[in-house]
Amino acid sequence: MIDIHCHILPGVDDGPESLEQSLAMARLAVADGITTIVATPHLLGIVPTAETIRTKVDLLNREIMTAGMTLTILPGTEVFASASPAQLNDRTINHTRYLLVEFPLTHLPANARQLLFNLKVHEFLPIVAHPERIPSIIAKPDLLDDFQETSLQITAGSLTGRFGPYVQQCAETLLKKGLVTCIASDAHSAHHRRPRLTEGMDAAARIIGREAAERLVLDNPARIIAGDPIQGI
């Protein structure tokens, strides 16, 4: 499986504080069947820099190889949809045009579609992270019916009840509507919000079937990291 949203780099955001903690997350990911992780630290202003991300990705890959694990870390960033496109060319997923974006977890901005359109005008392919956790979408999932030309990533833990029944119900609704592009872990540590996809995929399979669920953790993420068009979008 491929995890396109994971806070696994040490000492850059609210993820692991040390290399040892990053390696603990890597071991959990491997045990869960994950073979590739896109490291997506939060971008706050210009921090962390793209160079910092590259350096830490290279370091973590070397340590993972030394530890004998079969896992590849790729560079990425989680950015606010309101970020200036001029600052984002070196922030994409694995140097493709796919860009992991988030809206405030407090609300869906009134200009959300315009923000995404602005990114597309600049030839980015935005993937909206965890929309199922935004209160206005929880209250009215139909708000995303107008976002069918935009990729949506839901969190595995949302499907298993990690964030409560309302978030779970919203995630299930988005699956049933066929709006979900991929499932990711949005992991932050080895102890809290872990890098696991299997339970989320299994939960999705009970709703949309095994083949469709596997597409959300295998086929579509593989297309994303390769920069290829996504099926069904």
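In terms of the numbering used here, the sequence shown opens at residue 183 and continues consecutively. Idealized CB from N, CA, C, for every residue including glycine. Small disclaimer: the values here were computed from a predicted structure and weren't measured.
Taking the DSSP output, what are the residues bridged to residue i?
{"i": "THR337", "result": "ALA366"}
{"i": "TYR348", "result": "Note: TYR348 sits in no beta bridge, so no partner."}
{"i": "PRO308", "result": "LEU281"}
{"i": "PRO257", "result": "ALA221"}
{"i": "ASP185", "result": "ILE219"}
{"i": "LEU226", "result": "VAL229"}
{"i": "PHE329", "result": "Paired residues: none, contrary to the question."}
{"i": "PHE262", "result": "GLU284"}
Where residue i and residue j are concerned, what is the direct C-alpha to C-alpha distance, given to the nearest angstrom?
{"i": "ILE407", "j": "SER200", "result": "26 Å"}
{"i": "ALA206", "j": "PHE285", "result": "29 Å"}
{"i": "PRO198", "j": "LEU191", "result": "7 Å"}
{"i": "HIS304", "j": "PRO267", "result": "7 Å"}
{"i": "HIS189", "j": "ILE246", "result": "16 Å"}
{"i": "GLU233", "j": "LEU325", "result": "37 Å"}
{"i": "THR231", "j": "ARG273", "result": "9 Å"}
{"i": "ILE149", "j": "PHE345", "result": "Any property of residue 149 remains undetermined from this structure, which presents the chain solely from 183 to 415."}
{"i": "GLU393", "j": "ALA387", "result": "8 Å"}
{"i": "THR254", "j": "ASN243", "result": "6 Å"}
Looking at residue j and residue i, is the spacing between their C-beta atoms short of 8 Å?
{"i": "LEU356", "j": "PRO323", "result": "yes"}
{"i": "GLY409", "j": "THR278", "result": "yes"}
{"i": "HIS373", "j": "ILE336", "result": "no"}
{"i": "PRO291", "j": "LEU297", "result": "yes"}
{"i": "LYS359", "j": "ILE389", "result": "no"}
{"i": "ALA249", "j": "ILE235", "result": "no"}
{"i": "TYR348", "j": "ILE316", "result": "no"}
{"i": "ALA294", "j": "ALA265", "result": "no"}
On the premise that residue j lies in contact with residue i, defined as a C-beta separation below 8 Å, what is that separation, rounded to the nearest angstrom?
{"i": "VAL310", "j": "SER333", "result": "7 Å"}
{"i": "LEU210", "j": "ARG376", "result": "5 Å"}
{"i": "ASP214", "j": "HIS370", "result": "Contact doesn't hold; Cβ gap of about 15 Å is too wide."}
{"i": "ALA338", "j": "LEU379", "result": "5 Å"}
When the Cβ atoms of the stretch 184–204 are set against those of the stretch 351–368, are three or more pairs found closer than 8 Å?
Yes, the stretch 184–204 touches the stretch 351–368.
Stretch pair the stretch 222–229 + the stretch 252–262: three plus CB contacts closer than 8 Å:
Taking a cut-off of 8 Å on C-beta distances, the stretch 222–229 touches the stretch 252–262, as three or more cross pairs fall below it.
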